[in-house]
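Peer 1: The structure's right below; bear with me while I get my questions together.
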Amino acid sequence: MDGKSSSNTAGKPLRCRAAIARKAGEPLVIEEVIVAPPNPREVRIKIICTSLCHSDITMWKLKDPPAIFPRILGHEAVGVVESVGEGVHEVVEGDTVIPTFVSDCGECRDCLSEKSNLCTKFPFSISPWMRDETSRFTDINGETLYHFVNPSK
Numbered sequence: 001m002d003g004k005s006s007s008n009t010a011g012k013p014l015r016c017r018a019a020i021a022r023k024a025g026e027p028l029v030i031e032e033v034i035v036a037p038p039n040p041r042e043v044r045i046k047i048i049c050t051s052l053c054h055s056d057i058t059m060w061k062l063k064d065p066p067a068i069f070p071r072i073l074g075h076e077a078v079g080v081v082e083s084v085g086e087g088v089h090e091v092v093e094g095d096t097v098i099p100t101f102v103s104d105c106g107e108c109r110d111c112l113s114e115k116s117n118l119c120t121k122f123p124f125s126i127s128p129w130m131r132d133e134t135s136r137f138t139d140i141n142g143e144t145l146y147h148f149v150n151p152s153k
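With the first letter of the sequence shown counted as 1, position 74 gets the number 74 in the UniProt record's numbering; the numbers rise by one all the way through.
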């Protein structure tokens, strides 16, 4: 994909479709959702292909915490960078990317090490929220849709 220029949706909410787990173990429903623009150091990705792995299925079936619904599953994917938040320099709009399951700051001892893929500043979390304790997803009625883990698609 050639489009390295600024998108007309950068900085604005956008609409797309997502598979939503509304309740534990119930069939996923494909619905239109609204995705907020990325905050600083965040990347919004147009997902080209995703799947559900064992982790997704486990969380989908859970009825007790850390289960929370409605939730968008699918953390293994490939996509194209749609827009970037302030302070993002590693990727640009139009880049093909594979989101990572574990975030990194790029500055701590572990991120700078060639022997670790874990970040001291941003430890792994199965929280349904982004780092600022909010979600980037809502349905068309304004209901919050929870993330699977930070890198929900």
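Using N, Cα and C, we set each Cβ at its ideal position, and we do this for glycine too.
In whole angstroms, what is the alpha-carbon distance linking V33 and E93?
Peer 2: Their backbone Cα atoms lie some 21 Å apart in a straight line.
Peer 1: Excluding the 5 residues preceding and the 5 following I30 in the sequence, name in chain order all residues of the same chain whose CB lies nearer than 8 Å to its CB.
Peer 2: Here the set comprises R17, A18, A19, I20.
Peer 1: C119 to E133, Cα distance in whole Å?
Peer 2: If I take the Cα positions, the gap works out to 19 Å.
Peer 1: Looking at the secondary structure, which residues open and close the alpha helix (DSSP H) in which R17 lies?
Peer 2: No alpha helix (DSSP H) holds R17; the beta strand (DSSP E) holding it covers 14-21.
Peer 1: Compute the beta-carbon to beta-carbon distance between V91 and V43, rounded to the nearest angstrom, for a pair I have assumed lies under 8 Å.
Peer 2: Correct: roughly 6 Å between the Cβ atoms.
Peer 1: Rounded to a whole number of angstroms, what is the C-alpha to C-alpha distance between R71 and N39?
Peer 2: R71 and N39: Cα-Cα distance of roughly 20 Å.
Peer 1: Do you know how far the Cα of C108 is from the Cα of I48?
Peer 2: C-alpha separation (whole angstroms): 31 Å.
Peer 1: Closest to G87 by C-alpha separation, out of V97, G74, G106, G79, would be which residue?
Peer 2: Checking every option, the nearest Cα to that of G87 belongs to G106.
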